[in-house]
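Chemist: Its first residue numbered 4, the sequence shown is counted upward by one per residue in our numbering.
All C-beta atoms, glycine included, are put in the ideal place defined by N, C-alpha and C.
One structure coming up, written as structure tokens, with questions to follow.
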Amino acid sequence: MNPLTYHGAARLLEVLPRSGIREMAALSQGRPGLIHLEFGEPSFMTPPLIRQAAAHAIETERMTYTPTPGPLELREAIAQKVERINGYPCRPEEVFVTHGATGALLLAQASLLNPGDKILFPDPGWPNPISQALSLGAQPEFYPLPSENGYIPDPSRLTIPKGTKAILINSPANPTGAVFPREVLEDLAALARREGLFVISDEAYDQIYFEKAPVSMRALYPEGTLAVYSFSKSFAMTGWRLGYLVGPEELLQGVQKVAEAFYSSTSMVAQKAALAGLKGAAADVEAMRLAYRERRDQAIEAARELELYRYTPEGAFYLMVDVAQAGDSREFAKRLLLEKRVVAVPGTAFGKVAARELRLSLAASSEEIREGLERIRQLLQEGSR
Ligand SMILES: Cc1ncc(COP(=O)(O)O)c(C=O)c1O
């Protein structure tokens, strides 16, 4: 289907793929009583202290433009958080506040890639940065995250096509919940150094992990890594639209020109809120992390009972379920919605490798996750009769 109905509009409107996540959300609209396991966002309210700080700022301050990389006070607080949580040295000059991690990914790619340059993306992977690369005229290429390897890449088998400028990695990962072990990241860092590649390290879920704290690529390959973070997930702030890049200072000076051209500074009220969160919401972040871990554990237990278990996600809040016996996951997800009233995202939304899997969000309640898995089981059994 050609979405380009407005005569003369840009080719980009045709080139960009439709989001498979949105497709399921659209199909579910106007149908009450569904179990929603498709959302990639926290089910929690933003912590009270953050909301109060925003309300106070609105009441008492002029809402103005801010410095494009973000106010110094916020960048200082972020640099301290990075040192404390992400475990590598960070100065405020190496921090750039962005319009969510989505904005950080766009600025990073726009600052690194020329038209025609290749960039490697994980498959399965979150699709939005791929569309950004296409928008920039870059050429997306893919490396597999095999399910039989727990969705962890094997750097020794990674082929780097000629003309590749950068590789995107995402750990903890959407859609799999995999957390890349330190050794794998070290091998990837060595590879990137050898091949002269930039690494865009999407760490939007850095504070949602269930076993060991994730290692940051920027700790291992600082000269070539732009790390991407978000307030959306760990602070339950998706709607505030704030994130940040951490990267080499000289590169960020160039990024500033790109940000100024694209959207200037980010929202001042969101910045005030985020600053309060960094200073005082550590206990809330930890409580949410533990709640996600609890849901993950319960989901795994239910998956085992229903004989749908394959692996244990170690971070983020997603679980991939194998529906290979039913064939294509897109058709299966549609049937699941229409016949069993459960909304999940087909693996086809994340590339080719997981085309026969479904992504469930563990941000839903344990009861909903269990019931959702139960109905998947039923549909699989009915399908194979
Ligand atoms: C892997 C990954 N990176 C980045 C983002 C975007 O986060 P933000 O809300 O900060 O733009 C998401 C959101 O789902 C995500 O899953």
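Confirm the yes/no value for this check: CB of Asp209, any heavy atom of ligand 1, distance under 6 angstroms.
Modeler: Every heavy atom of ligand 1 is 6 angstroms or more from the Cβ of Asp209, so no.
Chemist: Enumerate in chain order the residues of its own chain whose CB-to-CB distance from Val187 is below 7 angstroms, with the five nearest sequence positions on each side excluded.
Modeler: Taken in chain order, the residues that qualify are Ile155, Pro156, Pro158.
Chemist: Please find out if some non-hydrogen atom of ligand 1 comes closer than 6 angstroms to the beta-carbon of Ala104.
Modeler: Answer for Ala104: yes, Cβ within range of ligand 1.
Chemist: Any contact between the stretch 119-130 and the stretch 332-341? By contact I mean 3 or more CB pairs, one from each, below 8 angstroms.
Modeler: No, because fewer than three Cβ pairs between the stretch 119-130 and the stretch 332-341 fall closer than 8 angstroms, the two stretches do not touch.
Chemist: Whole angstroms are fine: how far does the CA of Tyr208 sit from the CA of Tyr321?
Modeler: Going by the C-alpha atoms only, they are around 11 angstroms apart.
Chemist: Could you check which residue in Pro217, Gln274, Phe265 has the C-alpha nearest to that of Arg244?
Modeler: With distances taken between Cα atoms, Arg244 lies closest to Gln274.
Chemist: Kindly identify the DSSP beta-bridge partner or partners of Ile38.
Modeler: Answer is Val345, bridged to Ile38.
Chemist: In whole angstroms, give me the CA-to-CA distance for Gly153 and Ala60.
Modeler: Rounded to the nearest angstrom, the two C-alpha atoms are 45 angstroms apart.
Chemist: At a cut-off of 6 angstroms, would you count Asn152 as near ligand 1, judging by its Cβ distance to the nearest heavy atom?
Modeler: Checking the Cβ of Asn152 against ligand 1 gives no.
Chemist: What residue range is occupied by the uninterrupted beta strand (DSSP E) comprising Val249?
Modeler: Val249 -> beta strand (DSSP E) spans 246-249.
Chemist: According to DSSP, what are the bridge partners of Lys121?
Modeler: Paired residue(s): Gln142, Thr167.
Chemist: How is Cys93 classed by DSSP in three states: helix, strand or coil?
Modeler: The answer is coil: DSSP assigns Cys93 none of H, G, I, E or B.
Chemist: Would you mind giving the Cβ-Cβ distance between Pro147 and Val356, rounded to the nearest angstrom? I have them listed as a contact below 8 angstroms.
Modeler: Confirmed, Cβ separation roughly 5 angstroms.
Chemist: Would you mind stating whether Ala347 and Leu19 have Cβ atoms separated by less than 7 angstroms?
Modeler: Not closer than 7 angstroms, so no.
Chemist: Could you tell me which whole alpha helix (DSSP H) segments of length 4 or greater appear in the stretch 277-324?
Modeler: Complete alpha helix (DSSP H) runs here, min 4: 285-308.
Chemist: So Thr101 and Thr269 are supposed to be a Cβ contact under 8 angstroms. How far apart are they, rounded?
Modeler: The Cβ separation is near 7 angstroms, so the contact holds.
Chemist: Does the distance from the CB of Val261 to the CB of Ala113 come in under 7 angstroms?
Modeler: Closer than 7 angstroms, so yes.
Chemist: Helix, strand or coil for Glu206, going by three-state DSSP, please let me know.
Modeler: Here Glu206 sits in coil by DSSP.
Chemist: What do you reckon, is the C-beta of Thr241 under 6 angstroms from a heavy atom of ligand 3?
Modeler: Inclusion of ligand 3 in the displayed structure is not the case, the ligand content consisting of ligand 1 alone.
Chemist: Among the residues of its own chain, which have a CB less than 7 angstroms from the CB of Arg14, if the five just before and after it don't count?
Modeler: Excluding sequence neighbours, Arg14 sits near nothing in its chain.
Chemist: Reducing DSSP to helix, strand and coil, say where Asn152 ends up.
Modeler: Here Asn152 sits in helix by DSSP.
Chemist: Any heavy atom of ligand 1 within a distance shorter than 6 angstroms of the CB on Ser391?
Modeler: Outside the displayed span of the chain (4 to 388) sits residue 391, for which this structure offers no information.
Chemist: Where DSSP assigns a beta bridge to Tyr212, which residues make up the other side?
Modeler: Bridge partners of Tyr212: Gly318.
Chemist: Does the separation of the CB atoms of Ile38 and Glu371 fall below 7 angstroms?
Modeler: Their beta carbons are under 7 angstroms apart, which means Ile38 touches Glu371 by this criterion.
Chemist: Quick test of the definition: if touching needs 3 or more C-beta pairs under 8 angstroms, does the stretch 294-312 touch the stretch 85-105?
Modeler: No contact exists between the stretch 294-312 and the stretch 85-105.
Chemist: Might you give, ordered along the chain, the residues of its own chain that have their beta carbon closer than 7 angstroms to the beta carbon of Gly354, omitting 5 neighbours on each side?
Modeler: The residues are Asp126, Pro127, Gly128, Phe145.
Chemist: Just how far apart, CA to CA, sit Ala141 and Leu115?
Modeler: Straight-line Cα distance between these residues: approximately 10 angstroms.
Chemist: When DSSP labels each residue in this structure, what does Ala230 get in the three-state scheme?
Modeler: Strand, per DSSP.
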